[in-house]
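Below: one structure, written as structure tokens.
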Amino acid sequence: MPIFNTVNAKTNAFEQFPRKNYQPKCISRIHLYSDMWKHFDHGLYEFLFRYIYCALCAKTSSVGRKFLASFLTFVFIFFWHGFYFYIFIWSLMNFLCLTVESFSRQLSKTPRYRQFVHTYFRETWEYRWNGALGTLLLIPAVISNFFFLASYDVGVIFVQRTFCSGFLHYLCVFGGVICIFFTSEFIKRHENALRDKNAEKMYITREIITK
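Quick note: the sequence shown, position 167, residue 167 per the UniProt record's numbering, numbers continuous.
Right, dumping it as structure tokens:
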């Protein structure tokens, strides 16, 4: 892994990306699949985002154009990793999970949804509600990794054991995964708080030096 990190750092320097100390995060504590692509292989993410996704759409582009750009990005991912059926399944599941996550994020900002949440949930229960919805997406996102890291047959076994073994079995899986979701969310908030605190310290120090 250090070799791959060094190669990514040299590639980023050649492509004139911002020089930052990016280290891959453990995938077992990443609960949003958008974060999976950002933090596990940041060099690949920068390449895909800069040269494919941003080349096809912008922030002001329509939803349809963004959807097409995301789709073509994952088509490239499929070509890049090889023409295998298990790679196709993995790429397709990644694309669907990211699409649903993006759609859900946009839906959560609509006035009607905000009114629904404020009417039926308190702040703490909204947090739990979002965690439950996120867990429903995290389960297939995790299963997609078994297609990629193991094989097609192993991935099918996990699909069958998770979704075809009865409601009680799925409820147990859901209970375990939602604990992972909240733990990962807590770690992410803690990291963001530390980053904001460090940024504030740097800003104060810079202000003192310039005075």
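Even for Gly, the Cβ is constructed at its ideal location relative to N, Cα and C.
Cβ-Cβ separation, residue j to residue i (assumed contact under 8 angstroms), whole Å
i: A141; j: Y33; result: 5 angstroms
i: Y45; j: A69; result: Their Cβ separation, rounded to whole angstroms, is 15 angstroms, which puts Y45 and A69 out of contact at 8 angstroms.
i: I27; j: N145; result: 7 angstroms
i: L137; j: C97; result: 6 angstroms
i: S91; j: F67; result: No, S91 and F67 are not in contact; Cβ-Cβ is about 15 angstroms, not under 8 angstroms.
i: G134; j: H39; result: Rounded, the Cβ-Cβ distance is 17 angstroms, inconsistent with contact.
i: V173; j: T162; result: 6 angstroms
i: L56; j: L72; result: 6 angstroms
Coarse secondary structure for residue i, derived from DSSP in three states
i: N153; result: The question names Asn, but residue 153 is Asp in the sequence shown. Reduced to three states, the DSSP call for D153 is helix.
i: R114; result: helix
i: A55; result: helix
i: I30; result: coil
i: D196; result: helix
i: K25; result: coil
i: G176; result: helix
i: E166; result: It is Gly, not Glu, that sits at residue 166 in the sequence shown. Three-state DSSP puts G166 in coil, outside helix and strand.
i: S61; result: coil
i: Y203; result: Any reading at Y203 must be qualified, since the residue scores a pLDDT of 48, below 50, and its modelled position is unreliable; no value is offered.
Unbroken alpha helix (DSSP H) run spanning residue i, endpoints
i: G43; result: H42 to L48
i: K38; result: Y33 to H39
(request) With a floor of 4 residues, list each alpha helix (DSSP H) that falls wholly inside the region 80 to 150, ordered by position along the chain. (result) Listed in chain order, they are 85 to 107, 111 to 120 and 123 to 149.
(message) Quick check: the region 181 to 196 against the region 158 to 170, are at least 3 beta-carbon pairs closer than 8 angstroms?
(response) Short answer: they don't touch.
(message) Assess contact between the region 60 to 74 and the region 111 to 128, defined as three or more Cβ pairs (one per stretch) separated by less than 8 angstroms. Is contact present?
(response) Flag = no, the region 60 to 74 and the region 111 to 128 do not touch.
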